[in-house]
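Working notes, structure below.
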Amino acid sequence: EEHPFVTIQLPVYNEKYVVKRLMDACAVMDYPASRFEIQMLDDSNDETSEIISKRIEFWMEKGIQIHHVQREDRSGFKAGALQYGMQSAKGDFFVVFDADFLPNPDFLRQTLIAFEDPAIGVVQTRWEHINEDYSMLTKVQAFTLDVHFAIEHVGRNSSGYYMNFNGTAGVWRKEAIEDAGGWSADTITEDLDLSYRSQLAGWKFKYLYHVGAPAELPAEMPGYKSQQYRWNKGGAEVAIKLLPRIFKSSIPFSLKLHALHHLLSSSMYLIIFLAIVLSVPLIILKDFYPEWIMNYSSVFFAGFLAIAFVYYLAYIINNDGFLKRTIGFVFHFLTFMAVSLGMAYHNATAVISAFFGIKSPFIRTAKYNLKDKSDGWFSKKYTIKNLNTTVVIEGLLVLYFLFAVIFGYLNQEWGLFPLHVAALFGYSFVFYYTIRHTILAKG
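In this note's numbering, each residue carries its 1-based index in the sequence shown increased by 1.
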């Protein structure tokens, strides 16, 4: 019956293609206009700022409280913008949306009710995908994210383990942010960092699977790789920062153990990369010294089945029909596995960079207002137009696993043959589309 005052924070940096639709979606929230405000946390240095200014004038004339908040510099990047906005915000609750989101009008009503429990500090909602069918790359991303939101979040939250705010499409109680020490920019995943600090301070999280928040997926390989680099490196940075504090805390050991697994989850790419690279010498050794090698292929097969089971659960939650749940799942899962192997080197370098304390800036993932396959991105601004040395290594890995496949076929070594075929496809996919999309971006 009471409507708490809410501040909707929209941190943006050079988002000329999507900022207007974001502002419009937030301005028409089904919530009393006198009880919410919108902060445009604008760090842009291009025409995005002018688009924002004009749209603010439009909505202010209609009675919406919307403010243009700009800083002298981008210190702290997204975390810095959110913290800066809090200084002038009037809300008791803070909603955060990234530029690529299109929240539904009932978002505030659906989420704020959870805060009737005074112990709840954060509410997170499920990401939906505006352009899932745009390309094979977007389908793979949607397939992966659906597991995170349908299985991982549900399991952690229902079991009482620590979970993470996903940086967007969620609501924070102001007290929870303040008790945790505020937003911090000493890692590039400020959302994961604040999530754990607030839970260590005693606040509870609430995950609402039934509330969806549509968003746009990266459509070009360089942009996707940039996003993955930030997520994986940031996860490792938070692990280095907070695990000592977690293990010194008085929380139950089960929470500590789960936090260890959660925060070190990005490190799996180091293990995956080493496993697939070293599997090639294994088949050569097996051919010459069969007595030295145990039945190693069964280990990979068992892991494959375990991963498949988890992803199948998420897939059947989001899809109906026998054919889609069988043929559709097999196709999506095999593609996902191959692309994950192909991304292993790239993501492993991100984790290693964090472990060695190498700092890197927060690089946002550009979005282009893509809804269907007729919408193009390669002629637009913000695309990544330069290749880095990673693509050279990925090209060499294509040749490496091509050798593994040929060697396995000629020597009838079938134990790891499916793994090497998947790795060959995955690195070929990543290598080809990195170069192709970069060339398209250059025009």
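All C-beta atoms, glycine included, are put in the ideal place defined by N, C-alpha and C.
Which first and last residues belong to the beta strand (DSSP E) in which residue i is found?
i: Ala424; result: Counting along the chain, Ala424 falls outside any beta strand (DSSP E), though it belongs to the alpha helix (DSSP H) covering 418 to 443.
i: Asp43; result: 37 to 43
i: Val172; result: 171 to 174
i: Ile407; result: No beta strand (DSSP E) holds Ile407; the alpha helix (DSSP H) holding it covers 391 to 411.
i: Val1; result: One cannot answer for residue 1 here, as it falls past the ends of the chain, which runs 2 to 444.
i: Val97; result: 94 to 97
Measure the alpha-carbon distance for residue i versus residue j and round it to whole angstroms.
i: Asn167; j: Tyr316; result: 21 Å
i: Gly182; j: Val172; result: 17 Å
i: Val29; j: Ile318; result: 30 Å
i: Asn165; j: Leu193; result: 5 Å
i: Gln413; j: Leu403; result: 15 Å
i: Val311; j: Ile152; result: 8 Å
i: Leu264; j: Gly236; result: 6 Å
i: Glu62; j: His211; result: 34 Å
i: Val340; j: His68; result: 42 Å
i: Ser50; j: Met137; result: 33 Å
i: Leu258; j: Gly304; result: 21 Å
i: Val124; j: Asn348; result: 29 Å
i: Asp107; j: Pro12; result: 21 Å
i: Ile407; j: Arg231; result: 35 Å
i: Val239; j: Ile189; result: 9 Å
What residue range is occupied by the uninterrupted alpha helix (DSSP H) comprising residue i?
i: Gly156; result: 154 to 160
i: Ala351; result: 345 to 356
i: Phe248; result: 222 to 249
i: His262; result: 254 to 264
i: Tyr135; result: Where Tyr135 is concerned, there is no enclosing alpha helix (DSSP H), given that its DSSP letter is neither H nor E.
i: Pro25; result: Looking at the sequence provided, one finds Asp at residue 25 rather than Pro. It spans 20 to 28 - the alpha helix (DSSP H) in which Asp25 sits, taken as one unbroken run.
i: Thr49; result: 49 to 62
i: Leu83; result: 78 to 87
i: Leu388; result: Where Leu388 is concerned, there is no enclosing alpha helix (DSSP H), given that its DSSP letter is neither H nor E.
i: Arg75; result: No alpha helix (DSSP H) contains Arg75, which DSSP labels as neither H nor E.
If we count the other Cβ atoms within 10 Å of its Cβ and call it buried at 16 or more, is residue i buried or exposed?
i: Tyr428; result: buried
i: Val300; result: exposed
i: Phe289; result: exposed
i: Asp147; result: buried
i: Ser380; result: exposed
i: Gly409; result: buried
i: Asp134; result: exposed
i: Asp187; result: exposed
i: Pro253; result: exposed
On the three-state DSSP scale, how would you describe residue i?
i: Trp1; result: What the structure shows of the chain is the stretch from 2 to 444, and residue 1 is not part of that stretch, so it cannot be assessed.
i: His211; result: strand
i: Pro282; result: helix
i: Ala186; result: coil
i: Lys205; result: strand
i: Ala120; result: coil
i: Ile67; result: strand
i: Ala177; result: helix
i: Phe301; result: helix
i: Ala100; result: coil
i: Ala339; result: helix
i: Ala276; result: helix
If I'm right that residue i touches residue j with Cβ under 8 Å, what's the distance once you round it to whole angstroms?
i: Thr384; j: Glu221; result: 6 Å
i: Ser227; j: Thr366; result: 6 Å
i: Lys17; j: Lys382; result: 7 Å
i: Met344; j: Val431; result: 6 Å
i: Asn233; j: Ala351; result: 4 Å
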